[in-house]
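Below you'll find the structure, written out as structure tokens, and then a few comments.
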Amino acid sequence: MIRSLLFAPGNRPDLLKKFPRCDADAFVIDFEDGTPEPEKPAARRELAAVVSYLREQRLPGLIFVRTNDASSSHTEADIDAALRTDIDGLVIPKLGAVAHLQRFGQALSEAERLGRRRLALIGIIETMAGVMAAAQLAAGDDHLSALSFGGEDFISDIGGRRTADGLEVLYARSQVVLAARAAGLEAIDQVVVDIRDDDQFRRDAAAGRNLGYTGKMCLLPRQVTLANEVFSPTAQEVDRSRRLIDAYDAATAEGRGVTEFEGLMIDPPLLKRARAILAVASRAGRK
Amino acid sequence: MIRSLLFAPGNRPDLLKKFPRCDADAFVIDFEDGTPEPEKPAARRELAAVVSYLREQRLPGLIFVRTNDASSSHTEADIDAALRTDIDGLVIPKLGAVAHLQRFGQALSEAERLGRRRLALIGIIETMAGVMAAAQLAAGDDHLSALSFGGEDFISDIGGRRTADGLEVLYARSQVVLAARAAGLEAIDQVVVDIRDDDQFRRDAAAGRNLGYTGKMCLLPRQVTLANEVFSPTAQEVDRSRRLIDAYDAATAEGRGVTEFEGLMIDPPLLKRARAILAVASRAGRK
Amino acid sequence: MIRSLLFAPGNRPDLLKKFPRCDADAFVIDFEDGTPEPEKPAARRELAAVVSYLREQRLPGLIFVRTNDASSSHTEADIDAALRTDIDGLVIPKLGAVAHLQRFGQALSEAERLGRRRLALIGIIETMAGVMAAAQLAAGDDHLSALSFGGEDFISDIGGRRTADGLEVLYARSQVVLAARAAGLEAIDQVVVDIRDDDQFRRDAAAGRNLGYTGKMCLLPRQVTLANEVFSPTAQEVDRSRRLIDAYDAATAEGRGVTEFEGLMIDPPLLKRARAILAVASRAGRK
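Chains as they are written, first to last, in the numbering used here: chain A, 2 to 288; chain B, 2 to 288; chain C, 2 to 288.
Structure, rendered in structure tokens:
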């Protein structure tokens, strides 16, 4: 469960090597907008060393690489470079077509056939095409573990303007979270660009959580702390998850195959979600 | 036309027998969430006596039974029990698939072949699957007379949180009313769970009416009074309906087959709606 | 680029002949709601003289005719009369079906085969059917240059009520602008019926611009001035467009076939939009 997804530029090893000081659930080494065009090849060459360093430091969060988007000549080289390192997955910017998503899925499948452990994909929906196709994209490839909504790029694509209350993106933001959650994916909410306004971040994060988002993209460590607060499970959710797992364990110990918990059949998705909530709560508790 | 749809638990004959004291346009005997699991069979057995009592008391509103949802082992028994009594229709909770709706439609069609008068279905859209399929569901079976939106269950299904302004359900609530009204169905809005806050109920009811909802689910008689106020036709609507029916009656008396009213052809749906408005206004006037 | 689309009744030559006093980007001679039923034939007969007069006056904006809607017996005669005059296009009210749009497209194609210059279509989405089919309508005919959203008629069709904040139409208004802009069309926002409230017009225009709308329907010249202000390109947009065109011109002069501008390939749509922005800015500057 990703409450906070922190981005840093792929051409800034100085910043990337600070990831271990931060409590994000997932970290993104950004080859797209974060890395200027002339520096993209060098960033790719340095990736392996950066990832090795982060693994040696036992970075507790997941490590992702954001490749360039479908229209770029860098994308194939980005994927190749990323799959030669020990990352957890790829982030696809400006995801708008199922075929493009499946190109990424195939690259992962090929790597898996060669012995690579399973990787995840996070697709960012931040164009008009992506918003309109959100439901198809959510079901487009088995590697997809989350959809993210990029409000800034979306409003730029449609030619609108961002406001503090966000009504101009409510339709798109609602459509993306619905598509993601209905397909059983995590849903990661938009960035807040005013990096000094903690209140605006908290308000925007709470609005996203109310809509059903499960986490938020972050631009710096300060936002990670706030996102982790807003998206942590409540005491009630933690308690319920613990009781559900206890009921399941008891049933298993007694040899009962199927069990019920407060009127619901305990099926694998329910169990998985309960365990994820406890894992997050355990991380939050260690702080 | 249902301005107010009042729910009471199927295992509480003491409450069900109070229906005649209340002015709801439709009453729901609830076998789903309102009736605890262990008491569901007994509630089914007592249904016939309860419905007979309400008919003897000449309850002016419609009588519905809410069955359990598609995932329950009770649903078939609920339908069978309900169709052996003199009810006006069934309420389907957590409606998310056209096939499930049609299972209800077929049960009604079979009963009609055996001489039963025509019954209505009300489908509650309160899951992510239901919201996404709202347009298909609205056209899914001829017995369907209304779609209802369940904001509480929807936000629980998507993993969000409810707020007073309701922006977190605006997309789903808008999609459901559009699907319902475009298919010519009534649209019944979400409950307000804070049963002591009349202002919140009035605000939420008005917001629903503004969106195009034609009525509201109610949790107790106090809410029925408020819903009837907010969803009653205006004096202007009543006046226009009376003039339309007068124009139609005059044309019929003169042997003219087809007639026009203020630029519109008077077709059966227009006439039906005008009569429904007068019927509701007449009920409201008797109070 | 249409920032302001001013309507006047087709049966009021006195008002139509005042168009040259107003700075709208496009003018609509309205045969639909603006012209009472008994006067529609006479309005059609007078159209040619009105259009000739406006052309003689060198009206700087585009001239459109709004025909009656799909259900009317006037529509064919409206199209015929309009295509015999020197207009720039047709406005289709209550557009709800692709077949209806294509009927208009075919009439234009036939006229073009006979030597008529290419005309444009603007479709107004203002019914439930239109909102639900917005994406298909946006791609329904090559002549379509803009979709417009009619909030008043939409809310009347769905049986809701309009409010100042407009939350009751946010879903429909968002769906229409997304469909239009994703198909590369202009998007023209709803009217404001309170013609004396400039602040309400400005707020509503800004909300539309934030959503991605490119212009607004206007009921009188006062609203045209406000719409032109709100929907004019910013100094930043004008500057960027000028630099893009300069880069393209320099590349062309040097015989380079394809060129890049700030990381984007300069393709025909980008060039066209930049030129349109400069043209609008030039008009705005002349005021």
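All C-beta atoms, glycine included, are put in the ideal place defined by N, C-alpha and C.
Fair warning: this is a prediction, and the values are worked out from it, not measured in the lab.
8 Å Cβ cutoff met for residue i and residue j
i	j	result
LEU227(B)	LEU186(B)	no
ALA121(A)	GLY62(A)	no
PHE150(B)	VAL177(B)	yes
GLY131(A)	ASN211(C)	no
ILE126(B)	LEU168(B)	no
ILE189(C)	LEU6(C)	yes
ALA275(B)	SER242(B)	yes
Residue i: first and last residue of the uninterrupted alpha helix (DSSP H) it sits in
i	result
GLU111(C)	99-114
GLU47(A)	41-57
PRO14(C)	14-17
SER175(C)	171-183
ALA139(A)	135-139
ARG152(A)	The sequence as given places Gly at residue 152(A); Arg does not occur at that position. Run containing GLY152(A): 152-159, per the alpha helix (DSSP H) assignment.
6 Å CB neighbourhood of residue i in its chain, flanking five on each side removed
i	result
ALA112(A)	LEU84
PRO159(B)	According to the sequence shown, residue 159(B) is Ile rather than Pro. For ILE159(B), where only same-chain residues beyond five positions count, the Cβ hits under 6 Å are MET129.
LEU48(B)	ALA82 and THR86
PRO222(B)	CYS23
VAL92(C)	VAL29, PHE65, ARG67 and ILE123
ALA180(B)	ALA135, ALA136 and ALA139
Distance, residue j Cα to residue i Cα
i	j	result
LYS288(C)	CYS23(C)	With a pLDDT of 47 at LYS288(C), under the threshold of 50, the predicted position of this residue should be treated as unreliable, though the coordinate-derived value follows. Cα to Cα, the separation comes out at about 11 Å.
ALA136(C)	ALA98(C)	11 Å
VAL170(C)	THR164(C)	9 Å
ILE278(B)	GLU238(C)	53 Å
PRO37(C)	PHE202(B)	42 Å
TYR308(B)	ILE30(C)	The structure shown has nothing for residue 308(B), since chain B only spans 2 to 288.
ARG104(C)	GLU153(C)	25 Å
LEU115(A)	ARG244(A)	41 Å
GLU255(B)	ALA248(B)	11 Å
ALA147(B)	LYS217(C)	35 Å
ALA285(C)	ASP199(B)	51 Å
ALA9(C)	LEU220(C)	7 Å
SER175(B)	PHE155(C)	13 Å
MET273(A)	SER157(B)	One detail in the question is off: residue 273(A) reads as Lys in this sequence, not Met. Using only the alpha carbons, I get a separation of about 18 Å.
ARG119(B)	ILE88(B)	10 Å
SER283(A)	GLY90(A)	23 Å
ARG182(B)	GLY209(B)	13 Å
SER110(B)	GLU40(B)	29 Å
Nearest candidate by alpha-carbon position, reference residue i, set the options
i	options	result
PRO42(C)	GLY35(C), PRO222(C), VAL66(C) and HIS75(C)	HIS75(C)
VAL346(A)	ALA183(A), ASP34(A), THR215(A) and GLN224(A)	In the structure as shown, chain A starts at 2 and stops at 288, and residue 346(A) therefore has no counterpart that could be examined.
ASN12(C)	SER73(C), ASP79(C), ILE126(C) and SER242(C)	ASP79(C)
GLY213(B)	SER53(B), CYS219(B) and PRO234(B)	PRO234(B)
GLU230(B)	LEU109(B), LEU272(B), SER72(B) and ASP205(B)	ASP205(B)
ARG59(C)	ILE125(C), PHE20(C) and LEU109(C)	PHE20(C)
HIS101(B)	SER157(B), ARG117(B) and SER72(B)	SER72(B)
ASN69(A)	GLU40(A), SER157(A) and GLU33(A)	GLU33(A)
ALA50(A)	ASP15(A), ARG182(A), GLU77(A) and ALA275(A)	ASP15(A)
ALA108(A)	GLU77(A), PRO94(A) and LEU138(A)	GLU77(A)
Cβ neighbours of residue i in the same chain (closer than 8 Å, five flanking residues each side left out)
i	result
ALA140(B)	ALA184
LEU55(A)	LEU17, LYS18, PHE20, PRO21, PHE28 and ILE64
VAL281(B)	MET2, ARG4, ASP26, SER233 and PRO234
GLN143(C)	Looking at the sequence provided, one finds Asp at residue 143(C) rather than Gln. For ASP143(C), where only same-chain residues beyond five positions count, the Cβ hits under 8 Å are GLY106.
PRO270(B)	GLY185
Beta strand (DSSP E) segment containing residue i, residue limits
i	result
PRO222(C)	Per DSSP, PRO222(C) belongs to no beta strand (DSSP E); it is in the alpha helix (DSSP H), 222-232.
ARG210(C)	Not the beta strand (DSSP E): ARG210(C) falls in the alpha helix (DSSP H), residues 199-212.
ASP190(A)	187-190
MET2(A)	No beta strand (DSSP E) contains MET2(A), which DSSP labels as neither H nor E.
PHE65(B)	63-67
ALA80(B)	According to the sequence provided, residue 80(B) is Ile. The question's Ala does not apply to it. Here ILE80(B) belongs to no beta strand (DSSP E); instead the alpha helix (DSSP H) covers 76-84.
Any non-hydrogen atom of the ligand COA within 7 Å of residue i CB
i	result
ALA275(C)	Here there are no bound small molecules, and the ligand COA is not part of this structure.
Residues near residue i in its chain [Cβ-Cβ closer than 7 Å; skip 5 each side]
i	result
PHE262(C)	LEU245 and ALA248
Within chain D, the residues that residue i reaches when beta carbons sit closer than 8 Å
i	result
GLY185(A)	In the structure shown, chain D does not exist; the protein chains are A, B and C.
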